[in-house]
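Q:
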Amino acid sequence: MYFTMFMLGFLYALFALFLMAAGMQLIFIGGIVGVMVVVQYYMSDRLILMSTGAKEVSAAEQPELHRMVKLLADRYEMPMPKVAVIDTAIPNAFATGRNPKNALVAVTTGIQQRLNERELQAVIGHELAHVANRDMRVLAIANFLVTVTSFLMTMLFWNMLFGGMGGRRDNNGGVVMVVYFVTIIVYFIGQLLVLALTRYREYGADHTGAEISGDPGRLADALEKISGTVNTIPDKDLRKLQTANAFLIIPAALKGEGSMNLFSTHPPLEERVKRLRELEQRMRYGLR
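For the sequence shown, the residue numbers in our numbering are 5 to 292.
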């Protein structure tokens, strides 16, 4: 995970040097993208709640769910996050929030119905781990770099479309084209690195979440149960959670969309379960 973060930073450091050599105004581009990312960062919890239809619930409305979340949050010495419920048969859960003081944990009615208490508690532990590990902050920084290249690609495309390619209005058309194609390559590599980072963050959340709940075996059981159920859900229902796919404990992938590839936000389920089973054995014998 740290190597991936280093490679992402190294890639964009080289890219920045290339852009400066080509005469690009990085401050202007970085400023616009920075504002976009900051707004998204601080509004992420509201945006996800709106897109998924999640409703914040009180302890009076969901006493058992609040009890579980508070128990695990206290165990890891975290502030009590907000709790939300999504009214859908899809069994899933996610967490959001830029820090533990502004966190929210959401579960679906489907996951509450399909998992037993220990499995649901293990899933909530996984979601709290994302908050404790500051995953939102890490991914916001990583996505800032990718968004810069995406924004730059759009600018260069319109520049070439309306400014010409070396005509009167653009005497540096050759340079612009080179910068455009280099930007596409950097964007593609950067996107792959960010997706790899999200997969490593899932492994980290599985491990930390298992420590929070103290029950890696039940988390493995929950992942298998959720995955098996998601495969039976119609695509029209899965689309309800598509906007939050990167945050879900199991992606709500549509039929035909594989998860064992470079473009997946989550690691292969089999590998996650394998690691959790191994962690269960180590914890049983007092090993790390």
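In this text, a Cβ means the ideal position worked out from N, Cα and C, and glycines have one as well.
Counting Cβ pairs, one atom from each stretch, are 3 or more of them under 8 Å apart for the stretch 52 to 63 and the stretch 214 to 228?
A: Verdict: no, contact absent.
Q: Mind checking who Leu108 pairs with in its DSSP beta bridge?
A: As a working note, residue 108 is residue 104 in the sequence shown. Beta-bridge pairing links Leu108 to Lys86, Thr100.
Q: How many whole angstroms separate the CB atoms of Leu15 and Ile193, which I take to be in contact at a CB cut-off of 8 Å?
A: The residue labelled residue 15 in the question sits at position 11 within the sequence shown. The residue labelled residue 193 in the question sits at position 189 within the sequence shown. About 6 Å separates the two Cβ atoms, so the contact holds.
Q: Just tell me which of Val183, Arg203, Gly178 has its CA closest to the CA of Met9.
A: Here the question's residue 9 lines up with position 5 in the sequence shown. For Met9, the nearest C-alpha among the options comes from Arg203.
Q: Helix, strand or coil for Ile60 per DSSP?
A: Taking the sequence shown and counting its residues from 1, the one referred to as residue 60 is at position 56. Reading off the sequence, residue 60 comes out as Glu, not Ile. Of the three classes helix, strand and coil, the one that applies to Glu60 here is strand, per DSSP.
Q: Tell me whether the stretch 118 to 136 and the stretch 147 to 163 touch, counting them as touching only if at least three CB pairs, one residue from each stretch, are closer than 8 Å.
A: Not touching, per the Cβ criterion.
Q: Could you check whether the stretch 224 to 235 touches the stretch 275 to 284, counting it as contact only if at least three pairs of C-beta atoms, one from each stretch, sit closer than 8 Å?
A: Contact holds: three or more Cβ-Cβ distances are below 8 Å.
Q: From Val135 to Phe98, what distance separates their C-alpha atoms?
A: Mapped onto the sequence shown, residue 135 falls at position 131. Mapped onto the sequence shown, residue 98 falls at position 94. If you take the alpha carbons of Val135 and Phe98, they lie about 10 Å apart.
Q: Should Met11 and Leu197 be called a contact, given that it needs their Cβ atoms to be closer than 8 Å?
A: The residue you call residue 11 lines up with position 7 of the sequence shown. The residue you call residue 197 lines up with position 193 of the sequence shown. Yes, the pair counts as a contact, with Cβ atoms nearer than the cut-off.
Q: Examine the Cβ distances between the stretch 135 to 155 and the stretch 230 to 249 and report whether three or more of them are shorter than 8 Å.
A: In short, these stretches do not touch, since the Cβ pair count stays below three.
Q: So is Gly171 buried or exposed if we call it buried at 16+ other beta carbons inside 10 Å?
A: As a position in the sequence shown, residue 171 is number 167, starting the count at 1. Caution applies to Gly171, whose pLDDT of 41 falls short of 50 and renders its modelled position unreliable; the value that the coordinates give is listed next. Looking at its Cβ environment, which holds fewer than 16 other Cβ atoms inside 10 Å, Gly171 is exposed.
Q: For the putative contact between Ile216 and Leu69, defined by C-beta atoms under 8 Å, what is the C-beta separation to the nearest angstrom?
A: Position 212 of the sequence shown holds residue 216. Position 65 of the sequence shown holds residue 69. About 16 Å; that fails the 8 Å criterion.
Q: Mapping DSSP to helix, strand and coil, what is Asp174?
A: Indexing the sequence shown from 1 puts residue 174 at position 170. Because Asp174 carries a pLDDT of 48, less than 50, the predicted location of this residue cannot be relied on, and no value is offered for it.
Q: Spell out the partners DSSP gives Leu252 in its beta bridges.
A: The residue given as residue 252 occupies position 248 in the sequence shown. Paired residues: Phe98.
Q: May I ask you to report which of helix, strand or coil DSSP gives Thr187?
A: Taking the sequence shown and counting its residues from 1, one reaches residue 187 at position 183. Three-state DSSP puts Thr187 in a helix.
Q: Give me the Cβ distance between Phe251 and Ile52, rounded to the nearest whole Å; I'm assuming they're in contact under 8 Å.
A: The residue labelled residue 251 in the question sits at position 247 within the sequence shown. The residue labelled residue 52 in the question sits at position 48 within the sequence shown. Rounded, the Cβ-Cβ distance is 7 Å, consistent with contact.
Q: Just how far apart, CA to CA, sit Asn249 and Gln117?
A: As a working note, residue 249 is residue 245 in the sequence shown. As a working note, residue 117 is residue 113 in the sequence shown. Their Cα atoms are separated by approximately 21 Å.
Q: Residues in its own chain within less than 7 Å of Ile188 by CB, not counting five upstream and five downstream?
A: To locate residue 188, count along the sequence shown from 1; it is residue 184. Met157, listed in sequence order.
Q: In three-state terms, what does DSSP make of Met5?
A: Taking the first residue of the sequence shown as 1, we reach residue 5 at position 1. Met5 falls in the coil class under three-state DSSP.
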